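> Next up is a structure, given as structure tokens.
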Amino acid sequence: MINPHNVLKVLSNLTSDKLFRYSPSSINSEEEHVASNFYKCLESILKSTSHTFETENTLDHADELDDEDIKDSLPSTSTDEHLDPIKDTDYEPIDEYNLQNHFSLDYMKRVVDYYGEINPITGKRKRKWQTVKHRFQRVPNPQCIASFRKYIEAGGTKKQKMDDVDIYVYDQFEHARHNFLSVHDIDLRRWGLKKAHELHLKDFQASEGWLWNFKYRHGICSRRITKLVTKKVVENQEEINQSAKHFVLETNKIIEGYSPNQVLNTDQIGIELEPHGNRTLTYSGEKSTWGSVRSLGDSLPHQVHPEVYEGLKHFEYRVIPPKTTSMIQPLDVYYNRQHKKIVRRIYDHVRLDEIDINLSERNNLIKLQSLVHSQMCSKAFRPMIKYAWFKSGFLKYDSGPFQNTKGICFTFQTDKCHEKSCIDGPMIRCSWCQQELCFTHFF
Numbered sequence: 001m002i003n004p005h006n007v008l009k010v011l012s013n014l015t016s017d018k019l020f021r022y023s024p025s026s027i028n029s030e031e032e033h034v035a036s037n038f039y040k041c042l043e044s045i046l047k048s049t050s051h052t053f054e055t056e057n058t059l060d061h062a063d064e065l066d067d068e069d070i071k072d073s074l075p076s077t078s079t080d081e082h083l084d085p086i087k088d089t090d091y092e093p094i095d096e097y098n099l100q101n102h103f104s105l106d107y108m109k110r111v112v113d114y115y116g117e118i119n120p121i122t123g124k125r126k127r128k129w130q131t132v133k134h135r136f137q138r139v140p141n142p143q144c145i146a147s148f149r150k151y152i153e154a155g156g157t158k159k160q161k162m163d164d165v166d167i168y169v170y171d172q173f174e175h176a177r178h179n180f181l182s183v184h185d186i187d188l189r190r191w192g193l194k195k196a197h198e199l200h201l202k203d204f205q206a207s208e209g210w211l212w213n214f215k216y217r218h219g220i221c222s223r224r225i226t227k228l229v230t231k232k233v234v235e236n237q238e239e240i241n242q243s244a245k246h247f248v249l250e251t252n253k254i255i256e257g258y259s260p261n262q263v264l265n266t267d268q269i270g271i272e273l274e275p276h277g278n279r280t281l282t283y284s285g286e287k288s289t290w291g292s293v294r295s296l297g298d299s300l301p302h303q304v305h306p307e308v309y310e311g312l313k314h315f316e317y318r319v320i321p322p323k324t325t326s327m328i329q330p331l332d333v334y335y336n337r338q339h340k341k342i343v344r345r346i347y348d349h350v351r352l353d354e355i356d357i358n359l360s361e362r363n364n365l366i367k368l369q370s371l372v373h374s375q376m377c378s379k380a381f382r383p384m385i386k387y388a389w390f391k392s393g394f395l396k397y398d399s400g401p402f403q404n405t406k407g408i409c410f411t412f413q414t415d416k417c418h419e420k421s422c423i424d425g426p427m428i429r430c431s432w433c434q435q436e437l438c439f440t441h442f443f
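Per the UniProt record's numbering, the sequence shown starts with residue 1, numbered consecutively.
Structure, rendered in structure tokens:
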């Protein structure tokens, strides 16, 4: 039982200890609005039978880094040190002309065309170098013409291509955030590598230095999205708790007569035609975004038809009591949420890269759920699954530390798909072979 007065007391202590730099002042309307939202969250928790906090990180605009906590999270080194192009392998100069002059591709084309224009009568160039120099005074000598031709044939200088990569990645980022899609570092790097390949920028690596500089130039930081999920039922909570406790106690007695591989657990997972990310409109500059969702605890009698088990020998089935699944159903306690995270990341990836596929189509839905189920069956997830059984009360001992889907499927060791001929960046790391795969080679 949560005592709201104790919650407020702890919150007051935390505010005094960690936010001591703020002095008392008169209350304004914005502060009243924030307090009202806090109250609604607390009220929602008090009226619910269970609650969880789901968090997700995304890249977003830093709002000129006006928040002290955001500033403190940045490296303590100087700006000049991080923006030094020599320290960024993706910004190494090509030659002296690329270092000393910043000519646009259009400018170089105009110089070359003007210099190379032929007199139709004589068949020779119409202009001498002095004339060209007078027209284009920034060009220091005739040797630049040959370099300009080389750059034009290559599609521009390295700097110009890098600028094109920068523009493309930022446009992709802006489009994603406009549609409230979550964006991560790996997405920026994947977009950069894709554009670099189109521009034949072979030595571009989307390095850590390039990534840091890109986010700094465009004022991009990482934000945490926090969603409060509550479940509410109208039955007596004490009766529900006793029902759950009794079920676990009696079921454990039965489980003792079976080996672990003979104990099966079934549940129904909700499948949305188009899962949405944990995003909502909120204050500019706010790092923690709160929301509240209420739903009734599921009790689905069609899952437990007795005739399904008729004729089975040495078999016993137990039905989890209504309204207790959030407490003692291992799949609901932890597993299903991880399963849905993989599904949501795949949907987000398809939307971010505008991949031409309809994941809501029946066959694609079935295929996607089958692939995700296959990933979750890997032995890499066994410690996580054991934890779900432990937290539900069906295992006596905690199996210890474990990795969830973020650590197993979305922590990449490389920025490229494992398939040698593939130029796309990774979408997921296979939980079986531990290889990074793009959407095409995964799906």
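The C-beta atom is built at its ideal place from N, Cα and C for all residues, glycine as well. Just so we're clear, the structure is a prediction, and the values are computed from it rather than from any experiment.
Would you say Ile320 and Gln329 are within 8 Å of each other, going by their C-beta atoms?
Taking 8 Å as the Cβ cut-off, Ile320 and Gln329 qualify as a contacting pair.
> Whole angstroms are fine: how far does the CA of Thr52 sit from the CA of Leu368?
Between Leu368 and Thr52, the C-alpha separation is close to 26 Å.
> In terms of DSSP beta bridges, what is Glu31 paired with?
In the DSSP output, where bridge partners are listed per residue, Glu31 has none listed.
> How is the alpha helix (DSSP H) around Tyr115 delimited, first residue to last?
Tyr115 -> alpha helix (DSSP H) spans Leu105 to Gly116.
> Roughly how many angstroms lie between the CA atoms of Arg344 and Arg149, to the nearest whole one?
Going from the Cα of Arg344 to the Cα of Arg149 covers about 48 Å.
> When DSSP labels each residue in this structure, what does Arg125 get in the three-state scheme?
Strand.
> Would you identify the three-state DSSP class for Glu419, choosing helix, strand or coil?
DSSP places Glu419 in coil when its eight states are reduced to three.
> Using DSSP bridges, identify the partner residues of Arg318.
In the DSSP output, where bridge partners are listed per residue, Arg318 has none listed.
> Here's the rule: buried if 16 or more other CB atoms are within 10 angstroms of the residue's CB, otherwise exposed. What is Tyr397?
Classification for Tyr397: exposed.
> Quick test of your reading: Gly400 and Pro383, contact by CB under 8 Å. State the CB separation rounded to the nearest angstrom.
The pair is a contact, with the Cβ atoms about 7 Å apart (cut-off 8 Å).
> Check for me: the alpha helix (DSSP H) holding Asp166 runs from which residue to which?
It spans Lys158 to His178 - the alpha helix (DSSP H) in which Asp166 sits, taken as one unbroken run.
> Tell whether a beta-carbon distance below 8 Å holds between Asn364 and Ile357.
Yes.
> Which term fits Tyr258, buried or exposed, when burial requires 16 or more other beta carbons within 10 angstroms of its beta carbon?
Exposed, since its Cβ has fewer than 16 Cβ neighbours within 10 Å.
> Would you report the Cα separation of Asn261 and Ala380, rounded to the nearest angstrom?
Roughly 17 Å separates the two Cα atoms.
> Are three or more beta carbon pairs between the segment 179 to 195 and the segment 157 to 168 nearer than 8 Å?
Segments in contact, yes.
> With three or more C-beta pairs closer than 8 Å as the rule, is the segment 174 to 190 touching the segment 45 to 61?
Result yes; three or more Cβ-Cβ pairs closer than 8 Å.
> Where Glu30 and Pro24 are concerned, what is the direct C-alpha to C-alpha distance, given to the nearest angstrom?
Taking the straight line joining both Cα atoms gives about 15 Å.
> Glu436 bridges to which residues according to DSSP?
Arg429, per the DSSP bridge assignment.
> Quick one: measure Cβ to Cβ for Leu352 and Leu181, integer angstroms, because I've assumed they're closer than 8 Å.
6 Å between Cβ atoms; contact.
> Alpha carbons only, please: which of Ile385, Lys202, Lys126 and Lys40 is nearest the one belonging to Leu264?
Of Ile385, Lys202, Lys126 and Lys40, the residue nearest in Cα terms is Ile385.
> Excluding the five sequence neighbours on either side, which residues of its own chain have a C-beta within less than 6 Å of the C-beta of Trp191, listed in chain order?
Here the set comprises Val169 and Gln172.
> Since Thr414 and Ile225 should fall inside the 8 Å C-beta cutoff, what is the C-beta to C-beta distance between them, to a whole number of angstroms?
Not quite, the Cβ-Cβ distance comes to about 27 Å (not below 8 Å), so this is no contact.
> Exposed or buried, Asp90, counting other C-beta atoms within 10 Å across all chains shown (16 or more means buried)?
With a pLDDT of only 49 at Asp90, under 50, the local geometry of the prediction cannot be trusted, and the value read off the model is given with reservation. Classification of Asp90: buried, given that the 10 Å Cβ count is 16 or more.
> Is Pro140 buried or exposed, if buried means 16 or more other CB atoms sit within 10 Å of its CB?
Flag for Pro140 reads exposed.
> Hey, could you find the ends of the alpha helix (DSSP H) Thr325 is sitting in?
Here the alpha helix (DSSP H) through Thr325 covers Thr325 to Ile328.
> Under 7 Å Cβ to Cβ from His441, same chain only, skipping five residues before and after it: list those, please.
The residues are Cys417, Glu419 and Cys422.
> Out of Trp212, Met162, Met427 and Asp348, which one is the CA nearest neighbour of Phe439?
Taking only the C-alpha atoms, the option nearest Phe439 is Met427.
> With respect to the alpha helix (DSSP H) encompassing Val10, which residues constitute its N-terminal and C-terminal limits?
First-last of the alpha helix (DSSP H) with Val10: Pro4 to Lys18.
> Starting from the C-beta of Ser243, find all residues in its chain whose C-beta is less than 7 Å away, skip the five residues before and the five after it, and write them out in chain order.
Correct list, in chain order: Pro321 and Thr324.
> Measuring only the C-alpha atoms, how far is Lys313 from Ile255?
Taking the straight line from one Cα to the other gives about 16 Å.
> Tell me whether Leu181 sits in a helix, a strand or coil according to DSSP, three-state version.
Three-state DSSP puts Leu181 in coil, outside helix and strand.
> State yes or no: is the beta carbon of Gln160 nearer than 8 Å to at least one beta carbon in chain E?
Protein chains in the displayed structure number just one, and chain E is not present.
> State yes or no: is the C-beta of Asp267 within less than 8 Å of the C-beta of Leu331?
For Asp267 and Leu331, yes; Cβs fall inside 8 Å.
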